[in-house]
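To start, the structure itself, in structure tokens.
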Amino acid sequence: MPGYKGIVPVGKPKKELHCSQCSLLLRQAMQTGEGDRICHSCWQEKKRGGVWSSLECYPDRAADREVQLLEVFCPRGANGCLWQGKLADLEEHFKECGKKPNLEVGIRKRKLEASSDEVHVHQITTALSLSGNVLNIKKKLRTKLREAYKLSQIQETHPGELLRVNREILAFSRQLSQHSRLLKQKLNAFGSACCTNFSELLQMNWRLQSQVLLHGPQLSAYQEMFTYLEKLENTLTGDMLKFKQWLEATVAGVSAIPLNHNRWCKRQKVCRNEATCEHPFGEQARGAWACTIEEK
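In UniProt numbering, the protein residues as written are 1 to 296.
Rendered as structure tokens:
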């Protein structure tokens, strides 16, 4: 078994505590005569392949002790577990950890039990996809608000035309509330490092929906809605920046997880358009899968 995959350390461990082959935290550390540190299983694999058949390795107990004393987070933190402690105590914690993998991600039960890392990464990509939905709906709503504002300034505008635009504004506003609420729940699940507070903005949106529904299109309602969208954009931008920084630190120990693509295709786990994909998150790439992080 290679190094500790999916373990999220508190802070950044020393480079010497990572395996020179698998780049993960050392598990049953060995040291070569040249001073390289390697996991026992990686060494056995190289030895079987005849690569290091003549190279002697010795157990590195000092490195093992350092790794076991590292402070780490529970790998099930995405599901709400806030445990933090020494790596040596992690196995004992798993016996008491009541946070089960989230079945919402739609992966089969046996895969969830086999790899909590995949669940963790899928929850991350889900949150990023939701943020893309919020931004896309916000853009559409802003366009409709501008259209309604212009129509309200023209005296010859037919009432039915304004009513149509008003209904579209109401529909987008409701979608925005729904997706923002889901995003708030997802981000809160990752802890205080990327926790956001949409409560005030959601209440403002619901109040505006009621105002538009009861009194029809009014200039004050449009202006207040513009203010709401501006606040939402600032809040979302700040929180997603924190979230991305936290994300980079979180997945640093998880191998082969690209930060610019969503691997979760329904049929395959590998991106089928990796070379050409430049789609912003939330949009379909040739109908096969969706990107989840917008690289700038």
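Note that beta-carbon positions come from the ideal geometry of N, C-alpha and C, so glycine has one too. All values reported here derive from a predicted model rather than from experimental measurement.
{"Check": "For Q28 and L182, what's the separation of their Cα atoms in angstroms?", "Outcome": "42 Å"}
{"Check": "According to DSSP, which residues form a beta bridge with V72?", "Outcome": "P9, G85"}
{"Check": "Please state the DSSP three-state secondary structure of C42.", "Outcome": "helix"}
{"Check": "What are the start and end residues of the beta strand (DSSP E) that includes Y4?", "Outcome": "It is not in any beta strand (DSSP E) - Y4 carries neither H nor E in the DSSP assignment."}
{"Check": "For R37, write down the residues that DSSP places opposite it in a beta bridge.", "Outcome": "Q31"}
{"Check": "Measuring alpha carbon to alpha carbon, tell me which of E34, G33, L26 ends up nearest H40.", "Outcome": "L26"}
{"Check": "Taking a contact to mean a Cβ-Cβ separation below 7 Å, would you say V8 touches F73 in this structure?", "Outcome": "yes"}
{"Check": "So for S20, helix, strand or coil by DSSP?", "Outcome": "coil"}
{"Check": "For a test of the three-state rule: what should DSSP assign to L26, helix, strand or coil?", "Outcome": "coil"}
{"Check": "Quick one: residues in its chain with C-beta nearer than 6 Å to the C-beta of V67, no 5 flanking neighbours on either side, listed in chain order?", "Outcome": "L17, L25, L26"}
{"Check": "Determine the burial state of S177: buried for a count of at least 16 other Cβ atoms within 10 Å of its Cβ, exposed for fewer.", "Outcome": "buried"}
{"Check": "Considering only the alpha carbon of each residue, which of E161, G160, L163, E168 lies closest to R142?", "Outcome": "E168"}
{"Check": "Within this structure, are the beta carbons of W43 and C57 separated by less than 7 Å?", "Outcome": "yes"}
{"Check": "Looking at K86: is its Cβ nearer than 7 Å to the Cβ of L69?", "Outcome": "yes"}
{"Check": "Is it right to say W264 is buried, meaning 16 or more other beta carbons lie within 10 angstroms of its own, or is it exposed?", "Outcome": "Below a pLDDT of 50, predicted positions are generally treated as unreliable, and W264, at 37, falls in that range; the measurement from the model is reported next regardless. With 16 or more Cβ atoms within 10 Å of its Cβ, W264 is classed as buried."}
{"Check": "Here's a check: name, in chain order, each residue in its chain whose Cβ is nearer than 6 Å to the Cβ of Q175, leaving out the five neighbours to either side.", "Outcome": "I137"}
{"Check": "Classify A62: buried if its beta carbon has 16 or more other beta carbons within 10 angstroms, exposed otherwise.", "Outcome": "exposed"}
{"Check": "At which residues does the beta strand (DSSP E) containing C57 begin and terminate?", "Outcome": "57 to 59"}
{"Check": "In chain order, what residues of the same chain have a beta carbon less than 6 Å from the beta carbon of I38, not counting five sequence neighbours either side?", "Outcome": "C19, S20, Q21, M30"}
{"Check": "Rounded to the nearest angstrom, what separates G3 and E96 at their Cα positions?", "Outcome": "23 Å"}
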